[in-house]
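Q: In order, the protein sequence lines correspond to chains A and B.
Note that the working numbering has the first sequence beginning at 739, numbered continuously upward.
Note that the working numbering has the second sequence beginning at 5, numbered continuously upward.
Yeah, the Cβ is synthetic: ideal placement off N, Cα and C, and Gly gets one too.
What follows is a structure written as structure tokens; I'll ask about it next.
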Amino acid sequence: MSAITPSTEAIRARAVLLGRSRWGVAEIIFWVLAFACYWLFPTKLSLLSEIAILGLVALSVDLVLGYAGIVTLGQGAFFGIGAYAAGLAAKHGMGTSLWSDPVIGLFIGGGVAAVIGFATSFLVLRGSDMTRLMVTLGVALIVDEVVNQMKWLTGGSDGLQGVLPSAVLGIWEFDLFGRVAFVYSMVVLFVLFVIARALVKSPFGLSLQAIKGNMLRTRAIGMPVNARLVAVYTVAAFYAGVAGALAAQTTQFASPDYVAFHRSADAMLMLVFGGAGHLYGGLLGSIIFRTMQDVLGNITPQYWQFWLGVTLVALVLFVRGGILGLLGNMLAAWRRKGGAS
Amino acid sequence: MSPRILLESRDLVRRFGGIVATDHVTFSLPEGARHALIGPNGAGKTTFINLLSGVLTPTSGEIFLDGANVTNWSARKRAHAGLARTFQINQLFADLTPIETLMLTIAERENAGAAWWRPVGARTDFVDEAVALLAQLGISDIAHHRVGELAYGKQRLLEIAVALAQKPKVLLLDEPAAGVPEHEREQILDVVAALPKDVALILIEHDMHLVFRFAKSISVLVNGGLFVEGTPEQIANDPRVRQVYLGEEEVNV
């Protein structure tokens, strides 16, 4: 191109495109509040760690479903694989060797899940949404059964006992109040969130949204669609695996419940609750999901799922894009009102 | 010396069950071509374009792109080799903006589409190119609108912009003016007329204004087979063409 000095349109376009990756005020407030929970709810720290971990799983589902448009009911499998891999590493490290180092455990959990994710990603490249749903569900069921049957390794239905991770980075021992567990989970969530955020706002992330939007066109412009899908599926499996590793380390336990089908379903539910395709949807969803479970569970221990179901149906039927969609609509309405007066 | 042939099909056949949608089509497109492909509805024009662009695989026959046998190449590989197309029905990314759509296309062309560590827009050379392309097609004003909310005519122009962003050697335009309301039509005709001279073009079109304004050569496709080829004058005056094609529709040339 001959232009040496960019046109005003070009300058504006650069500003608009780059502006999308800038951190907004709402985002900063969100993270400050999230970390401030340490002081705001000192008695609820284990619940909050659990929310952070669930949020990480929902974030992983958002990468594949919200951005790349691959419907999945199998993310729970990667969560469970990560939990068992990190749990076994911690168990056999006996709290002394490098194997039981929690941070190394995260990479072990995430890494094993990523390998399985990569291997199974080729199964979701073809076919319709229904095929993908069934394939991911099938893989999850296989993993579930394998974990149950391999008693010598996993402890079968009794779960994996004796998971004793050493101190985080050799400094912070996990304590009974879950303080270290909370800070540790939050830091991991935040770091992985920042990476995911960079990823979805990059050309790679844009190409995922394009694949979701129109696969015929993406192929016509010469995009290697399959390579992109394999990549994002593997990354998401890593994320879910890290979440599993966190769960095993912070609860010092892994059980078949960690690979059970409801994990996958819950993760998708949280994402739909919060709103898919914005990264924050899964995090908000996990907060609401787990808080509802806690609060409603105290009021009506047996029927909390009933109210969860009612909320889900109402959200899906009446609000497009979950809680984030609702907030967006309210913000737009408020702006319109403000503009009129 | 005869001009370089950029796109060629030899004895191309495509069957759908018992129907022969493309019937032994042998065709060649030299550089700089302005070629129109016309024919009655169901003549197999879009099937032919789908075969050339790699959306469909031929039952038999061969396709050459700038000398290379691309018959077994994927659509993606052909795109990288310099073949671009537009679609009869818009195939765009409804949730992206035109500028994002072009950024994406340019990044793929330059093999930079997998970059995940820097934001879209960091490559200012891509931004400048995308902005220039939007200006060239006269759609700078909608650069940052959501594609799904654009007027149909604007979307048709974006279809062409996407194909141009690939910097193709050969461009296949599948009914660029189809479905565009009258007041937006002129802009599309102007854009098609002003396409880069070095790109070889195939145009499928029902709009005879566009065909005769634009084409230097015309092929008539009937029942999947190449019926006749010639200059616009020859085609317009060919009694056989009038019989099989022009007889079906009211056409004012």
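State yes or no: is the beta carbon of residue 187 of chain B nearer than 8 Å to at least one beta carbon in chain A?
A: Not closer than 8 Å to any Cβ of chain A, the Cβ of residue 187 of chain B fails to qualify, so no.
Q: Could you tell me whether the Cβ atoms of residue 57 of chain B and residue 89 of chain B are closer together than 8 Å?
A: In contact: residue 57 of chain B and residue 89 of chain B (Cβ atoms closer than 8 Å).
Q: How far does the beta strand (DSSP E) with residue 989 of chain A in it extend, from its first residue to its last?
A: Where residue 989 of chain A is concerned, there is no enclosing beta strand (DSSP E), although the alpha helix (DSSP H) it sits in stretches over 963 to 989.
Q: Does residue 765 of chain A get closer than 8 Å to chain B when you measure Cβ to Cβ?
A: It does not; no Cβ of chain B falls within 8 Å.
Q: Below 6 Å CB to CB, which residues in the same chain sit around residue 861 of chain A once its five sequence neighbours on both sides are set aside?
A: Closer than 6 Å at the Cβ level, and outside the excluded window around residue 861 of chain A, lie 873.
Q: By Cβ distance below 6 Å, which residues in the same chain neighbour residue 177 of chain B in space, the five residues on each side in sequence not counted?
A: Here the set comprises 90, 207.
Q: What's the call for residue 1044 of chain A, buried or exposed, on a 16-neighbour Cβ count within 10 Å?
A: When all chains shown are included, residue 1044 of chain A counts as exposed.
Q: Between the stretch 148 to 161 of chain B and chain A, which residues of the former have CB atoms less than 8 Å from a CB of the latter, in chain order?
A: Listed by position along the chain: 148.
Q: Are the stretch 999 to 1007 of chain A and the stretch 812 to 821 of chain A touching, with three or more C-beta to C-beta distances below 8 Å?
A: Flag = yes, the stretch 999 to 1007 of chain A and the stretch 812 to 821 of chain A touch.
Q: May I ask you to list, following chain order, the residues of the stretch 118 to 146 of chain B that have a beta carbon less than 9 Å from some beta carbon of chain A?
A: Cβ contacts with chain A come from 118, 119, 120, 121, 122, 123, 124, 125, 126, 127, 128, 129, 130, 131, 132, 133, 134, 135, 136, 138, 139, 144.
Q: If you draw a straight line from the C-alpha of residue 1059 of chain A to the C-alpha of residue 971 of chain A, how long is it?
A: Whole-angstrom Cα-Cα distance: 22 Å.
Q: Near residue 195 of chain B, which residues of its chain fall below 7 Å by C-beta distance, leaving aside the five closest residues on each side in sequence?
A: Excluding residues within five positions, the ones whose Cβ falls inside 7 Å are 141, 161, 164.
Q: Assign residue 12 of chain B to one of three DSSP states: helix, strand, or coil.
A: The answer is strand: DSSP assigns residue 12 of chain B an E or B state.
Q: So residue 97 of chain B and residue 951 of chain A are supposed to be a Cβ contact under 8 Å. How far apart are they, rounded?
A: Rounded, the Cβ-Cβ distance is 4 Å, consistent with contact.
Q: Assign residue 910 of chain A to one of three DSSP states: helix, strand, or coil.
A: Three-state DSSP puts residue 910 of chain A in a strand.
Q: Please report the distance separating the alpha-carbon of residue 130 of chain B from that of residue 110 of chain B.
A: Each residue's Cα considered, the two are about 7 Å apart.
Q: Grab me the residues of residue 831 of chain A's own chain with a C-beta within less than 6 Å of its C-beta, minus the 5 sequence neighbours each way, in chain order.
A: Here the set comprises 837, 838.
Q: Give me the Cα-Cα distance between residue 1011 of chain A and residue 1022 of chain A, rounded to the nearest whole angstrom.
A: Going from the Cα of residue 1011 of chain A to the Cα of residue 1022 of chain A covers about 8 Å.
Q: Find the residues of chain A that neighbour residue 61 of chain B, judging by a C-beta separation of less than 9 Å, and give them in chain order.
A: Chain A residues near residue 61 of chain B: none, gap ~13 Å exceeds 9 Å.
Q: Which word fits residue 761 of chain A, buried or exposed, when buried means at least 16 other C-beta atoms lie within 10 angstroms of its C-beta?
A: Classification for residue 761 of chain A: exposed.
Q: Just to confirm before moving on: does the CB-CB distance between residue 844 of chain A and residue 926 of chain A stay below 8 Å?
A: Yes, the pair counts as a contact, with Cβ atoms nearer than the cut-off.
Q: Looking at C-alpha atoms only, which residue of A:904, A:900, A:930 is the closest neighbour of residue 978 of chain A?
A: Comparing Cα positions, the closest option is A:930.
Q: How far does the beta strand (DSSP E) with residue 31 of chain B in it extend, from its first residue to its last?
A: Element bounds for residue 31 of chain B: 23 to 34.
Q: Please compile the residues from chain B whose C-beta is within a distance smaller than 7 Å of the C-beta of residue 752 of chain A.
A: The answer, in chain order, is 125, 128, 131.
Q: Touch check for the stretch 131 to 139 of chain B and the stretch 946 to 965 of chain A: three-plus C-beta pairs under 8 Å?
A: Short answer: they don't touch.
Q: Compute the beta-carbon to beta-carbon distance between residue 901 of chain A and residue 990 of chain A, rounded to the nearest angstrom, for a pair I have assumed lies under 8 Å.
A: With a Cβ gap of about 5 Å, residue 901 of chain A and residue 990 of chain A count as contacting.
Q: Quick check: residue 232 of chain B and residue 215 of chain B, are their CB atoms within less than 8 Å of each other?
A: No, Cβ-Cβ distance for residue 232 of chain B and residue 215 of chain B is not below 8 Å.
Q: DSSP state of residue 1062 of chain A, grouped into three classes?
A: Three-state result, residue 1062 of chain A: helix.
Q: Determine, using beta carbons only, whether residue 849 of chain A and residue 821 of chain A come nearer to each other than 8 Å.
A: No; because the gap between Cβ atoms is not below 8 Å, this pair is not in contact.
Q: By the three-class DSSP mapping on this structure, what secondary structure does residue 846 of chain A have?
A: Looking at residue 846 of chain A - three-state DSSP - the assignment turns out to be helix.
Q: Residue 98 of chain B versus chain A: which residues are under 9 Å apart at the beta carbon?
A: The contacting residues are 951, 952.
Q: So with CB distances below 8 Å, who are the chain A contacts of residue 4 of chain B?
A: Residue 4 of chain B is absent from the model: chain B starts at 5 and stops at 257.
Q: Contact criterion: CB-CB distance below 8 Å. Does residue 80 of chain B meet it with respect to chain A?
A: Chain A, which has a Cβ nearer than 8 Å to the Cβ of residue 80 of chain B, makes this yes.
Q: Considering only residues of the same chain and omitting the five flanking positions on each side of residue 829 of chain A, which have a CB-CB separation below 6 Å?
A: Around residue 829 of chain A: 900, 901.
Q: Could you work out which residues of chain B lie near residue 755 of chain A, taking near to mean beta carbons separated by less than 8 Å?
A: Under the 8 Å cutoff, chain B gives 103, 104, 107, 123, 124, 125, 131.
Q: With burial defined as no fewer than 16 other Cβ atoms inside 10 Å of the residue's Cβ, what is the status of residue 1068 of chain A: buried or exposed?
A: Answer is exposed; the Cβ neighbour count stays below 16.
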